[in-house]
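Residue numbers (UniProt numbering): 1 to 331. Built from N, CA and C at the ideal position, the CB exists for glycine as well. This report refers to the structure that appears directly beneath it.
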Amino acid sequence: MIFSRGKDADFEDEVEEEEIPKRKFRDLRPENRRARKEPPKPWGKKERLIVLIILLVTVLTSGILALTARNFKLPNFPKIGIPNLSNFNIFKEQVIIVGNKGTKVNLAKIENTKKQFKSLTDDYSGIYAFYIYDLNGNYFYGENYQEKMQAASLIKLPVIYLTYLESQKGNLDINEYRSYLEAMGKRSDNQAFIKMVSILGKENINKAIINLGMSKTSLEENITTPEDIGLFFKKLKNYEILNKENTDEFLEFLTDTSFEKWLRPGIPSEIRLAHKYGREVHAVNDAGIVFSDKPFVLVIMTDGVVESEADKIFPELSKLLYNDQINEKTN
């Protein structure tokens with residue numbers, strides 16, 4: 001039997017297959033994972049918080065570094081720090097009796113001196129401090145005098161002292177080193193200082209600093225306080241740490257030095273001043289003994305300051321403290 005195709009069959013042979021569009025599927029094969037590009041996602045709360053924290057840390061770090069350079073004291077603002085409860089005076093009396101000689105001290109006048117000192121320095125960056133020790137009345141007072149500050153060349157004082165002390169003990173011949181002592185005192189010579197440190201030894205110098213009672217002074221860190229320096233000069237003047245011969249020569253090396261533009265202008269020219277000047281970046285210091293009819297130790301130190309500002313105001317501060325101390329400070 002012969003079968004023949006019908007018309008419908010012939011038509012079906014002639015029709016071409018229609019192309020079915022291919023659907024794209026996401027390639028999930030692990031080996032091709034890196035080749036796939038994920039669409040960028042918008043920042044969420046976590047990412048925004050991280051960026052905010054980074055910005056805040058950066059700003060705070062910059063601010064802290066700036067404050068540190070000025071010892072946390074900006075112009076017309078009080079120093080940033082933890083209040084020192086020891087500075088609060090709970091006593092209401094305006095006159096108290098201090099010292100072995102029963103000296104009457106006018107507290108109101110002292111507070112006025114401190115107020116004037118703060119008023120003169122408040123417009124400047126950094127810390128300004130002073131310390132006064134009355135050698136007749138055996139009392140002291142000051143402003144910021146327990147603050148640790150850059151010692152600068154004031155650190156040479158215990159080195160000069162130890163050299164004299166070792167000579168008194170017979171451990172060295174002072175004649176061999178006198179020129180170094182004079183250079184450190186008169187001209188604040190750093191090479192002479194380095195030489196004597198190497199001869200004496202840092203360990204011995206540190207012991208000498210401790211024995212002097214300079215508890216907040218460090219040779220390695222080159223730091224001290226106005227109080228430590230003031231007590232050193234008090235002991236030196238009273239012959240408590242060296243014999244008379246060495247003390248007198250020590251003080252002579254601190255008289256008429258190469259640095260007479262800071263404390264000196266505030267003190268009458270006829271009054272002897274034996275003092276030590278020191279200077280570092282952001283620090284200008286000058287301290288010594290005023291040999292007036294009412295002798296006293298005067299220390300002015302700074303830290304975190306603009307040096308040109310300190311240079312300008314130093315004589316004014318010296319004059320204020322001298323006049324207030326001499327003029328009826330004690331009865």
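CA-to-CA distance, residue j to residue i, given in whole angstroms
i: N243; j: K234; result: 14 Å
i: E143; j: I54; result: 39 Å
i: E166; j: D123; result: 46 Å
i: M184; j: S153; result: 9 Å
i: K312; j: L251; result: 26 Å
i: S218; j: N206; result: 7 Å
i: I110; j: V57; result: 43 Å
i: A192; j: I174; result: 14 Å
i: K156; j: K46; result: 56 Å
i: N136; j: L60; result: 49 Å
i: K216; j: A151; result: 11 Å
i: E316; j: L263; result: 9 Å
i: E147; j: K195; result: 29 Å
i: K294; j: N171; result: 37 Å
i: T247; j: K186; result: 15 Å
i: Q325; j: K104; result: 13 Å
Residue i - partner residues in DSSP beta bridges
i: I289; result: A274, V297
i: D303; result: I127
i: E280; result: A283
i: G185; result: None; G185 has no bridge partner.
i: D134; result: Y139, F296
i: I223; result: Q150, S218
i: T255; result: A274
Reference residue i; option with closest CA among the options
i: D286; options: V105, F140, K202, L254; result: L254
i: S292; options: R48, V105, D134, A129; result: D134
i: D228; options: N112, L107, A129; result: A129
i: N323; options: K186, A283, G266; result: G266
i: V281; options: F296, R272, G288, T302; result: T302
i: Y139; options: M149, L107, N112, I271; result: L107
i: L273; options: F232, V284, P158, L298; result: L298
Exposure label - residue i; buried when at least 16 CB within 10 Å
i: S258; result: exposed
i: S269; result: exposed
i: K261; result: exposed
i: S188; result: buried
i: V51; result: exposed
i: S179; result: exposed
i: P226; result: buried
i: R279; result: buried
i: L49; result: exposed
i: K169; result: exposed
is_contact[residue i, chain D] using C-beta, thresh 7 Å
i: I271; result: Reference to chain D is not applicable here, since this structure consists of a single protein chain.
Are at least three pairs of beta-carbons, each pair with one atom in the stretch 203-221 and one in the stretch 102-120, less than 8 Å apart?
no
Stretch pair the stretch 190-201 + the stretch 148-164: three plus CB contacts closer than 8 Å
yes
Can you confirm whether the stretch 125-142 touches the stretch 290-308 when touching is taken to mean that 3 or more C-beta pairs between the two stretches lie within less than 8 Å?
yes
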